[in-house]
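Step one of this worksheet: look at the structure below.
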Ligand SMILES: Cc1cc2nc3c(=O)[nH]c(=O)nc-3n(C[C@H](O)[C@H](O)[C@H](O)COP(=O)(O)OP(=O)(O)OC[C@H]3O[C@@H](n4cnc5c(N)ncnc54)[C@H](O)[C@@H]3O)c2cc1C
């Protein structure tokens with residue numbers, strides 16, 4: 021049974037239905053902060069914020085890798101095949117990278133203020 | 005006026021001809037190509053086909069709601085009525101997880117009102133009589149609903165009384181469980197399964213003969229119970245027996261072969277062939293089976309009862325049912341077009357239809373677009389060209405945390421949706437799909453989006 025791209029999108033939207041509004045608020049806030057930082061056109065040192073966001077992203081990815089099987093009611097012993105590990109790694113990486121990207125504008129704001 | 009036709013795609017009757025004249029067939033035909041088979045995430049019906057047809061959908065389960073969503077989007081001006089007395093909507097594929105303790109019962113309970121599209125009338129009654137020769141149905145409230153097109157999506161009925169001594173009130177008592185087919189039964193079954201897997205004893209797992217919904221469910225309940233015994237450290241304290249009325253465990257041959265090895269060799273589950281549950285004596289905790297060699301009485305501490313199933317009585321007793329043959333009593337549709345074989349203005353989808361396989365929500369997902377496309381075609385005096393290939397699917401959960409994603413068609417060939425998921429291997433990913441993704445996919449189906 022073929023799933024179209026819009027079909028898969030519809031399934032993910034259903035999956036996230038309860039969290040859609042909080043997620044949208046968070047994303048909009050991150051976007052707003054990013055736009056604010058760009059519009060200020062001040063030279064800022066991105067290094068520390070990027071490093072911290074990256075570090076938090078890596079920690080969250082590792083935590084996701086360790087905890088996701090348990091959250092699904094399974095155990096790590098049941099994650100056995102290549103496709104199992106690919107899915108777990110992909111989901112954990114996606115979670116880590118997504119978290120880092122969303123966190124970065126807020127961290128940059130904090131670091132910019134601290135510099136100022 | 006009769007809609008009866010002896011040919012499969014019988015000639016258009018006067019009523020429909022009048023309807024087509026009223027809608028202006030030319031405009032309809034022009035719009036048709038654009039809308040049929042579309043899978044967009046529509047929010048409006050800007051490309052909808054104009055119509056003033058009266059369409060009655062009986063049943064607001066998986067199939068009925070999905071049909072209503074799609075038709076409401078594809079038709080502009082049609083009077084669509086959905087008939088179902090039930091306010092609650094049950095996500096039935098989750099019942100095996102409720103009965104084996106992985107989910108709470110609340111997780112499978114929803115409300116039909118959330119999915120009935122705007123503009124669709126909801127009659128909160130049950131249809132008690134079908135009168136296809138006069139294009140009408142009668143409800144238990146005494147109302148008569150007339151239609152130009154009828155879609156039958158009533159699911160099936162579980163015939164507890166076909167087993168002597170059995171009735172739904174016994175579920176949750178005296179070691180009796182039955183996952184079919186509502187959250188209350190599944191919740192009460194969990195109490196019994198928990199008791200059995202906590203203390204051990206003799207566990208009997210049955211399966212009714214004939215077509216049942218989600219034929220994998222009795223197998224899943226068996227394997228999940230066996231897994232819980234192991235997790236509780238009680239496997240050695242329990243004896244598990246599976247009773248199969250025929251000589252195969254699963255209709256798809258590769259999976260049948262796998263299970264025939266897996267049950268005895270890897271799970272120590274004793275399979276009893278040609279055993280049909282005939283009666284139970286709850287007080288004595290005994291089950292009576294009819295076998296090729298006469299009756300056999302077996303003692304139990306726990307029993308999972310799977311009663312025989314049929315089309316609901318109003319369908320079974322109507323002109324719409326197959327009169328004889330292997331599908332006698334089920335809705336007589338063409339297995340590919342989903343159109344009734346004698347009444348061309350009647351279509352059927354879901355558990356109620358008399359087709360070789362496919363009493364699953366996964367089949368509903370594949371059948372609904374076919375039925376809708378073909379209904380639109382019939383409304384435009386075209387041949388129904390869309391074809392259902394028998395697609396059905398069963399995430400065969402072998403233990404909590406692992407499963408096999410089995411998908412096959414009428415020819416019993418494996419037809420995996422995702423080539424990268426091996427349909428012959430127990431993996432974690434199918435479990436995650438069952439536990440997390442399929443409920444979302446089901447809800448998207450109810451909204452007509454997949
Ligand atoms: C334990 C269990 C496990 C399952 N597991 C899976 C799985 O893993 N995967 C899968 O794909 N499928 C699974 N299924 C099967 C799936 O749930 C059904 O195939 C699907 O719900 C069928 O949809 P339907 O609309 O035909 O029937 P239903 O969803 O049962 O809906 C029928 C509706 O019709 C209404 N109705 C009945 N009679 C009348 C009447 N006379 N008048 C008006 N309304 C009426 C009922 O109130 C009901 O709302 C499972 C089912 C069960 C019970």
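Protein chains in written order, with the numbering used here: chain A, 21 to 136; chain B, 5 to 454.
For each residue, glycine too, the CB sits at the ideal point set by N, CA and C.
Quick caveat, the model's predicted, so the values are computed rather than measured.
What's the call for residue i, buried or exposed, on a 16-neighbour Cβ count within 10 Å?
i              : result
residue 78(B)  : buried
residue 9(A)   : As displayed, chain A neither begins before 21 nor continues past 136, which places residue 9(A) out of reach and without an answer.
residue 145(B) : exposed
residue 177(B) : exposed
residue 43(A)  : exposed
residue 452(B) : buried
residue 63(B)  : buried
residue 193(B) : buried
residue 119(B) : buried
Put residue i into one of helix, strand or coil per three-state DSSP.
i              : result
residue 274(B) : strand
residue 230(B) : helix
residue 421(B) : coil
residue 451(B) : coil
residue 79(B)  : strand
residue 188(B) : helix
residue 160(B) : coil
residue 45(A)  : helix
residue 29(A)  : helix
residue 35(A)  : helix
residue 262(B) : helix
residue 200(B) : helix
residue 334(B) : coil
residue 446(B) : helix
residue 66(A)  : coil
residue 96(B)  : helix
residue 126(B) : strand
residue 170(B) : coil
residue 280(B) : strand
residue 352(B) : strand
residue 78(A)  : helix
residue 37(B)  : The pLDDT assigned to residue 37(B) is 30, lower than 50, so where the model puts this residue is not dependable; a value taken from the coordinates is nonetheless given after this. Residue 37(B): helix per DSSP, three-state reduction.
Is the closest heavy atom of ligand 1 to the C-beta of residue i under 7 Å?
i              : result
residue 301(B) : no
residue 184(B) : yes
residue 89(B)  : yes
residue 101(A) : no
residue 229(B) : no
residue 434(B) : no
residue 53(B)  : no
residue 363(B) : yes
residue 368(B) : yes
residue 421(B) : no
residue 410(B) : no
residue 397(B) : yes
residue 315(B) : no
residue 88(A)  : no
residue 158(B) : yes
residue 99(B)  : yes
residue 354(B) : yes
residue 248(B) : no
residue 65(B)  : yes
residue 404(B) : no
residue 287(B) : no
residue 111(A) : no
residue 311(B) : no
residue 264(B) : no
residue 68(B)  : yes
residue 62(B)  : yes
residue 124(B) : no
residue 112(B) : no
Say yes only if the C-beta of residue i is nearer than 7 Å to one or more non-hydrogen atoms of ligand 2, and no if none qualify.
i              : result
residue 371(B) : For the structure depicted, ligand 2 is absent and the ligand set comprises only ligand 1.
Contact set between the region 394 to 406 of chain B and chain A, restricted to residues whose Cβ is under 8 Å from the partner
Here the close residues are 395, 397, 403, 404, 405 and 406.
Residues of the region 366 to 394 of chain B in Cβ contact with chain A at a cutoff of 9 Å, in chain order, please.
Among the residues of the region 366 to 394 of chain B, those with a Cβ less than 9 Å away from any Cβ of chain A are 366, 369 and 370, in the order of the chain.
Give, in chain order, every residue of the region 54 to 69 of chain A whose Cβ lies closer than 8 Å to some Cβ of chain B.
For the region 54 to 69 of chain A, the beta-carbon criterion of a distance under 8 Å to any beta-carbon of chain B is satisfied by none of its residues.
Residues in the region 430 to 441 of chain B with C-beta within 9 Å of chain A's C-beta atoms, listed in sequence order?
So the list reads 430, 431, 432, 433, 435, 436, 439, 440 and 441, given in the order they occur along the chain.
Taking a Cβ distance cut-off of 7 Å, strictly less, list which residues of the region 81 to 115 of chain B are near chain A, in chain order.
Residues of the region 81 to 115 of chain B whose Cβ lies closer than 7 Å to any Cβ of chain A, in chain order: 106.
Contact set between the region 51 to 83 of chain B and chain A, restricted to residues whose Cβ is under 9 Å from the partner:
Under the 9 Å Cβ criterion, the region 51 to 83 of chain B contributes no residue.
Please list the residues of the region 35 to 46 of chain A that have a C-beta atom closer than 9 Å to any C-beta atom in chain B, keeping them in chain order.
Among the residues of the region 35 to 46 of chain A, those with a Cβ less than 9 Å away from any Cβ of chain B are 35, 36 and 37, in the order of the chain.
Members of the region 69 to 88 of chain A that neighbour chain B once the beta carbon cut-off is set at 9 Å
Taking 9 Å as the Cβ-Cβ cut-off against chain B, the residues of the region 69 to 88 of chain A that qualify are 88.
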